[in-house]
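Protein chains in written order, with my numbering: chain A, 80 to 404; chain B, 88 to 518.
Worksheet for the structure shown next.
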Amino acid sequence: MQRHLISAADLTRDDAVLILDTAEEMARVADRPIKKLPTLRGRTIVNLFFEDSTRTRISFEAAEKRLSADVINFTAKGSSVSKGESLKDTAQTLEAMGVDAVVIRHGASGAPYRLATSGWIDAAVINAGDGTHQHPTQALLDAFTMRRRLVGRDAGIGRDLSGKRITIVGDILHSRVARSNVDLLHTLGAEVTLVAPPTLVPVGVETWPCEVAYDLDSTLAKSDAVMMLRVQRERMNAAFFPTEREYSRRYGLDGDRMARMPEHAIVMHPGPMVRGMEITAEVADSDRCTVVEQVANGVSIRMAVLYLLLGGNEPAVSHTRIEEK
Amino acid sequence: MSKILIRGAKVLGGEPQNVLIDGSVIEAVGTEISDEAAEGAEVVDAAGKVLLPGLVDLHTHLREPGREDSETVLTGTRAAASGGYTAVFAMANTFPVADTAGVVEQVYRLGQQHGYCDVQPIGAVTVGLEGRKLAELGAMHESAAGVTVFSDDGKCVDDAVIMRRALEYVKAFGGVVAQHAQEPRLTEGAQMNEGVVSAELGLGGWPAVAEESIIARDVLLAEHVGSRVHICHLSTAGSVEIVRWAKSRGIDVTAEVTPHHLLLTDELVRSYNPVYKVNPPLRTQRDVLALREALADGTIDIVATDHAPHPHEDKDCEWAAAAMGMVGLETALSVVQETMVDTGLLDWAGVAERMSFKPAEIGQAKGHGRPVSAGEPANLMLVDTEYRGSVDPAGFASRSRNTPYEGRELPGRVTHTWLRGKATLVDGKLT
Ligand SMILES: [Zn+2]
Numbered sequence: 080m081q082r083h084l085i086s087a088a089d090l091t092r093d094d095a096v097l098i099l100d101t102a103e104e105m106a107r108v109a110d111r112p113i114k115k116l117p118t119l120r121g122r123t124i125v126n127l128f129f130e131d132s133t134r135t136r137i138s139f140e141a142a143e144k145r146l147s148a149d150v151i152n153f154t155a156k157g158s159s160v161s162k163g164e165s166l167k168d169t170a171q172t173l174e175a176m177g178v179d180a181v182v183i184r185h186g187a188s189g190a191p192y193r194l195a196t197s198g199w200i201d202a203a204v205i206n207a208g209d210g211t212h213q214h215p216t217q218a219l220l221d222a223f224t225m226r227r228r229l230v231g232r233d234a235g236i237g238r239d240l241s242g243k244r245i246t247i248v249g250d251i252l253h254s255r256v257a258r259s260n261v262d263l264l265h266t267l268g269a270e271v272t273l274v275a276p277p278t279l280v281p282v283g284v285e286t287w288p289c290e291v292a293y294d295l296d297s298t299l300a301k302s303d304a305v306m307m308l309r310v311q312r313e314r315m316n317a318a319f320f321p322t323e324r325e326y327s328r329r330y331g332l333d334g335d336r337m338a339r340m341p342e343h344a345i346v347m348h349p350g351p352m353v354r355g356m357e358i359t360a361e362v363a364d365s366d367r368c369t370v371v372e373q374v375a376n377g378v379s380i381r382m383a384v385l386y387l388l389l390g391g392n393e394p395a396v397s398h399t400r401i402e403e404k
Numbered sequence: 088m089s090k091i092l093i094r095g096a097k098v099l100g101g102e103p104q105n106v107l108i109d110g111s112v113i114e115a116v117g118t119e120i121s122d123e124a125a126e127g128a129e130v131v132d133a134a135g136k137v138l139l140p141g142l143v144d145l146h147t148h149l150r151e152p153g154r155e156d157s158e159t160v161l162t163g164t165r166a167a168a169s170g171g172y173t174a175v176f177a178m179a180n181t182f183p184v185a186d187t188a189g190v191v192e193q194v195y196r197l198g199q200q201h202g203y204c205d206v207q208p209i210g211a212v213t214v215g216l217e218g219r220k221l222a223e224l225g226a227m228h229e230s231a232a233g234v235t236v237f238s239d240d241g242k243c244v245d246d247a248v249i250m251r252r253a254l255e256y257v258k259a260f261g262g263v264v265a266q267h268a269q270e271p272r273l274t275e276g277a278q279m280n281e282g283v284v285s286a287e288l289g290l291g292g293w294p295a296v297a298e299e300s301i302i303a304r305d306v307l308l309a310e311h312v313g314s315r316v317h318i319c320h321l322s323t324a325g326s327v328e329i330v331r332w333a334k335s336r337g338i339d340v341t342a343e344v345t346p347h348h349l350l351l352t353d354e355l356v357r358s359y360n361p362v363y364k365v366n367p368p369l370r371t372q373r374d375v376l377a378l379r380e381a382l383a384d385g386t387i388d389i390v391a392t393d394h395a396p397h398p399h400e401d402k403d404c405e406w407a408a409a410a411m412g413m414v415g416l417e418t419a420l421s422v423v424q425e426t427m428v429d430t431g432l433l434d435w436a437g438v439a440e441r442m443s444f445k446p447a448e449i450g451q452a453k454g455h456g457r458p459v460s461a462g463e464p465a466n467l468m469l470v471d472t473e474y475r476g477s478v479d480p481a482g483f484a485s486r487s488r489n490t491p492y493e494g495r496e497l498p499g500r501v502t503h504t505w506l507r508g509k510a511t512l513v514d515g516k517l518t
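Rendered as C-alpha cells:
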C-alpha cells in the first residue's frame, strides 16, 4: 500500500482486494455489541472538509471512532476560502499539531494530491472527494457492495470482480464517483459501460478502460449492476440536456427498465438520490437497490483504509488477530 | 570608453567576425578591423559565441502599475536584458489598465529612465479591458509612448463588432490589434487543455476550438475590412492550419508562439503543480510539433514570451486557485535553442528573424530588429550556445520565480546585451 490514498487508479489489484478483505473483517466488528477496536488509539485524524458533505464526513468519523482514533473535524465551509493559500495554511497548522492523517474533501480537483506532494504536511492524506476528479473510498465501498452481492460475502474473500458487467449511468462529465469507479472496477477485472447523453461524457473518455454508450436500454440486459449517478438540476440550465422530462425518459431508471435487467442484477446509487429524476421511487425502494447497504459498507471500507494506511507494517488484519485485539 | 570591439563572434550564426561599436551605433563589421579604428576600444572576446540583434518581445507583462509585488518596469527590464532583449512590448492589463495616454506614457518613461531595455507599451483595445467601448486608441498612438500595438490580452475581444471596429480604426495610423483568442463561453471554468488528461484529472477543459474559432473569425474580419491582425500565443495545431490558410489567401495576419508552447505539454499537469498553469494552456505533443514546424516554415512569424510574473503565494496553492502564467524572458532563447536550433528546424539567422527582426517590424519598434551592419543602432546580444546548465530561478532578475524550468537542463546562455552601445549585461551579470 502507498502512504496516501488519492486516486483509485493508484491501487493495484492486490491492494484493492486487500482493502475489500480487510473491510469484511471490519464489518464483523459492526455486528458485535461493542463496535470498537483499539487499533488507532493515540492517533489523531483530521476530517478537513472544504466542501459540505455530511454523509461522507459522518462515515469517516464513524470509522475513525470505531478504530479509537482521536478525531478533529475541521469544516472550512462558510469561512472565506476563496484564496488558495488557505489550504497550505491549514495544512501547516495541522502539521504543527502533529496530525497523523488528514481526510480531505475539497471542491478543487487535485487539492488532496497537492496536499500530499507539496511538502506542506507529513501526515497520510486520504481523498474524500476532490472536485470532479476522484473519490476513491466511494469506489471501494461500491466494489465491496458488488462483491458481496454478486460474488458472495464469504465466497468473495480474496476475489475480485472478474467478468462482472457494470453499467454507470448519468453525469459522467462532472462525476468523481464515475472516474473512481472506472479505474477501480477495471483494476478488479470488471467490464464497465458508461451511459450518458454525449454532452455529459468528457472529451478524452476514449482512453478510459471502459465502453461508452448513449443508449441505456441496450445495456440493461447484460448488466450485473447498474449504478445511477445523481444529475444536478442546474445542468439543465447549462443546456447539457433539453428538459428534466426528456432526461428521465432516456436515462432514468424506472420499474420497466429494471425489469429488463437480469434477475440477480442490482441497482446502485452513491446518494443522495433525487427521486423522479434519475431513479423512480419504485426502483429506489426495491430490494435490488443497495443504497442503504452502500452507506453501511462505507464505514467498513473507511475503517479498512485507515487501518491499512496507519496501522503500521502488518499486511492485513486476520480474523483471529482482530478477535485478540 | 565609448568604443567596444566584439571579437570573433559568429554574427547571426555565420563565420566569425569582429563588430566595432562606437557610442550608440555599430561602426564596422568585418573579419578585419583596423587597429586604428579599434584603438582604445574595450575588447570583448566572443570566440565561439553567436551574435544576434537585441531580441524584441512583443508580449511581456511588466505588472507596473498595480502589481509591483509581481514585477516592476525595473525588475522586468532587468530580466529582459538578462535574456538578451533590448525591447519589450508591455501588455495593457495593469491596474489601472493601460487604456489612456497617461498610463502608457508613464510605463514608457519608466523604461527609458531605468535604461535596461526599451519599453513599448501596448494600449488596451477597450476601456478597462471590458470589451464594450473602444479605448482612446488614437490618443495613445499620439502620446509620447507612440503606441502602435493594441490588445486586451488576458481577455479576448470577443464581440465581433468591437473587433471589427478596432481593426478598422487602427488603420488610420498603421496600428495592429493583437488578439488573445479565447471564446469566453467555450472556456468557462477552464483550467487546462481539454482532452485526455483533463478527462482523467477532472479539471475544466479549455478546448482548442475556443482558440481556433476566434482566429478564424478574426482573419476573416481582417480580410473584410482590409486591416492587419496579430494572433497572440497561438497554441494548437488547428490554429496553425487556419493561419496558414489565411496567409495563403493573402490576409494580413501575423502570429506568435511562446517558448513554453514549443516545449511543454499538458501531461505535466498530472502533477497538479500550478507552475504549469498558463493561458492558453499547455497542449498536446501533437500541437507542440505542429507549432515548431509552423515556426520553422514561417506560418508562425515570431516567438513572444508572454512573460507573466506572479508572486510565490499565487502559485503555492491548489491548482484551481492558482494564477495563470509563467515567467519567460530569461529562458526564452534557451528554449528556442533546444526546440528549434538543436533540432535542426531553424538556424541562428532564423532565430534572429523570429525573435528580433520580425517582432520589431510587427510592433514598429524603432531602432530595434535592425541588421548587424555599420551605421545601425548597437542593439546587440551574445549567446554562448555551447553552454549546458540547469535553470536556477534564484538567479533570476525577475521579481517572480514562477518558471516551469526549475532544475531542468536547457542549452545556451546569454552573456552580453547592449542597448544602443551601452552594456546592460556583461558576462551574464547585469550592469
Ligand atoms: Zn494572453
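Think of the CB as a built atom: it goes at the ideal place given N, C-alpha and C, for glycine as much as any other residue.
So, does the CB of residue i fall closer than 8 angstroms to a CB anywhere in chain B?
i                     : result
residue 248 (chain A) : no
residue 159 (chain A) : Only weak support is given to the placement of residue 159 (chain A): the predicted model assigns it a pLDDT of 46, under 50, and the question is left unresolved by the model.
residue 267 (chain A) : no
residue 212 (chain A) : yes
residue 177 (chain A) : no
Quick check on residue i: does DSSP put it in helix, strand or coil?
i                     : result
residue 123 (chain A) : strand
residue 476 (chain B) : strand
residue 365 (chain B) : coil
residue 496 (chain B) : strand
residue 319 (chain A) : coil
residue 209 (chain B) : coil
residue 129 (chain B) : strand
residue 96 (chain B)  : strand
residue 223 (chain A) : helix
residue 402 (chain A) : Confidence is the limiting factor: at residue 402 (chain A) the pLDDT is only 40, short of 50, which leaves the residue's position unreliable, though a coordinate-based value still follows. Of the three classes helix, strand and coil, the one that applies to residue 402 (chain A) here is helix, per DSSP.
How would you call residue i, buried or exposed, if buried means at least 16 neighbouring beta carbons within 10 angstroms?
i                     : result
residue 129 (chain A) : buried
residue 248 (chain B) : exposed
residue 82 (chain A)  : exposed
residue 284 (chain B) : buried
residue 335 (chain B) : exposed
residue 322 (chain A) : exposed
residue 113 (chain A) : exposed
residue 472 (chain B) : buried
residue 206 (chain A) : buried
residue 316 (chain A) : exposed
Quick check: residue i and residue j, are their CB atoms within less than 8 angstroms of each other?
i                     : j                     : result
residue 512 (chain B) : residue 466 (chain B) : no
residue 312 (chain B) : residue 254 (chain B) : yes
residue 135 (chain B) : residue 468 (chain B) : no
residue 280 (chain A) : residue 271 (chain A) : no
residue 297 (chain B) : residue 274 (chain B) : yes
residue 416 (chain B) : residue 181 (chain B) : no
residue 367 (chain B) : residue 435 (chain B) : no
residue 478 (chain B) : residue 495 (chain B) : yes
residue 245 (chain A) : residue 302 (chain A) : yes
residue 327 (chain B) : residue 387 (chain B) : yes
residue 412 (chain B) : residue 360 (chain B) : no
residue 226 (chain A) : residue 116 (chain A) : no
residue 146 (chain A) : residue 118 (chain A) : yes
residue 339 (chain A) : residue 299 (chain A) : yes
Counting only C-beta atoms, is residue i closer than 8 angstroms to chain A at any point?
i                     : result
residue 322 (chain B) : no
residue 292 (chain B) : yes
residue 325 (chain B) : no
residue 406 (chain B) : yes
residue 122 (chain B) : no
residue 403 (chain B) : yes
residue 281 (chain B) : yes
residue 288 (chain B) : yes
key: Length at least 4, wholly inside the region 283-313 of chain B: the alpha helix (DSSP H) runs in chain order   = Counting whole runs of 4 or more residues, the region 283-313 of chain B contains the alpha helix (DSSP H) stretches 283-288 and 295-312.
Closer than 7 angstroms to ligand 3: residues, by C-beta to nearest heavy atom, in chain order = Among the ligands present in this structure, namely ligand 1, ligand 3 is not found.
Every unbroken beta strand (DSSP E) inside the region 256-313 of chain A [3 residues or more] = The qualifying runs are 270-274, 290-292 and 304-307.
ask   = Which parts of the region 366-404 of chain B are runs of the alpha helix (DSSP H), unbroken and 4 residues or longer, counting only runs that do not cross its ends?
value = Scanning the region 366-404 of chain B for uninterrupted alpha helix (DSSP H) segments of 4 residues or longer gives 372-384, listed from N- to C-terminal end.
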